[in-house]
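Residue numbers (our numbering): 5 to 275. Built from N, CA and C at the ideal position, the CB exists for glycine as well. From a predicted model like this one, the values you see are computed outputs, not experimental measurements. Notes follow once the structure below has been shown.
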């Protein structure tokens, strides 16, 4: 089906196309519920972003070969299913919907690499995702998540962690098990405690900790060893301004940040 052509109406079930492997229907005006697709066993890509689809998300447990599921920017509601019948799923984008309830731990998705649930109405605590070692970006910002931030020690390949604009209340954990982390966004939460030493995150390019209740205490914020690839002239000043707005941070000095990039957002479409 063509995309971006203002196609309207409800979506057919395509059950007469049992050999279908890829289905792209994005940037149209499709409405109604998502079909269950009971007769498409070869389907690998289901891409329906930027429509007006409503209702619950099916479990899609009759699509065992599905690798990419993109339902972003619709009007879907209800809880997120656990997708237990999709062992080959690698990409799951459900952001900018109206999804509610707690986040599943997706233990039946061992091959999942990219997960975006941002800009929904999800509640509860963040799972540790110990069964998902291949995860790279995690986008959970713009929800109502509470509790602590896991240290994600089981995710050595994690590149992006975005938890901004939630209701998280813990201290910042030790992220030493994430040597490949490129971006860390934990701003606009209710985090407390001292800013930890993040100098072991030697690949970090993007960092935002603003609008929390963090303390500097007496730590030395010298990160000159970071191999930064992008440069902005005012980055060190920008970081110093962030520190000055935090309790007990007025005297803290941030050095070595001359090339650190703080611009949001990190590109989401890491496909």
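Whether residue i touches residue j by CB criterion (8 Å)
i           : j           : result
residue 80  : residue 101 : yes
residue 149 : residue 134 : no
residue 167 : residue 139 : no
residue 77  : residue 46  : no
residue 142 : residue 113 : no
residue 52  : residue 18  : no
residue 161 : residue 177 : no
residue 34  : residue 50  : no
residue 55  : residue 92  : no
residue 175 : residue 196 : yes
residue 39  : residue 63  : no
residue 118 : residue 95  : yes
residue 209 : residue 187 : yes
residue 170 : residue 191 : no
residue 60  : residue 82  : yes
residue 212 : residue 189 : yes
residue 88  : residue 65  : yes
Where residue i falls, given that 16 or more other Cβ within 10 Å makes a residue buried
i           : result
residue 14  : exposed
residue 193 : buried
residue 122 : buried
residue 146 : buried
residue 254 : Any reading at residue 254 must be qualified, since the residue scores a pLDDT of 49, below 50, and its modelled position is unreliable; the value itself is stated next. So residue 254 ends up on the exposed side.
residue 233 : With a pLDDT of 40 at residue 233, under the threshold of 50, the predicted position of this residue should be treated as unreliable, and no value is reported.
residue 12  : exposed
residue 120 : buried
residue 16  : exposed
residue 144 : buried
For residue i, the residue or residues it bridges with in DSSP
i           : result
residue 151 : 172
residue 72  : 49, 95
residue 210 : 187
residue 141 : 164
residue 146 : Answer is none; residue 146 lacks a bridge partner.
residue 65  : None; residue 65 has no bridge partner.
residue 81  : 102
residue 117 : DSSP lists no partner for residue 117.
residue 59  : 80
residue 127 : 106, 148
residue 34  : 13
residue 332 : Outside the shown range of the chain, which is 5 to 275, sits residue 332, and nothing can be said about it.
residue 26  : 49
residue 217 : 196
Supposed contact pair residue j and residue i - C-beta distance, whole angstroms, cut 8 Å
i           : j           : result
residue 37  : residue 21  : Not confirmed; about 19 Å, so no contact.
residue 185 : residue 205 : 5 Å
residue 104 : residue 125 : 5 Å
residue 137 : residue 109 : Not confirmed; about 13 Å, so no contact.
residue 48  : residue 70  : 6 Å
Chain C within 8 Å of residue i, Cβ atoms only
i          : result
residue 92 : Among the chains of the structure shown, chain C does not appear; only one protein chain is present.
Could I get the ranges of all uninterrupted beta strand (DSSP E) runs contained in the stretch 175–202, with 3 residues as the minimum, in chain order? 187–189, 196–198
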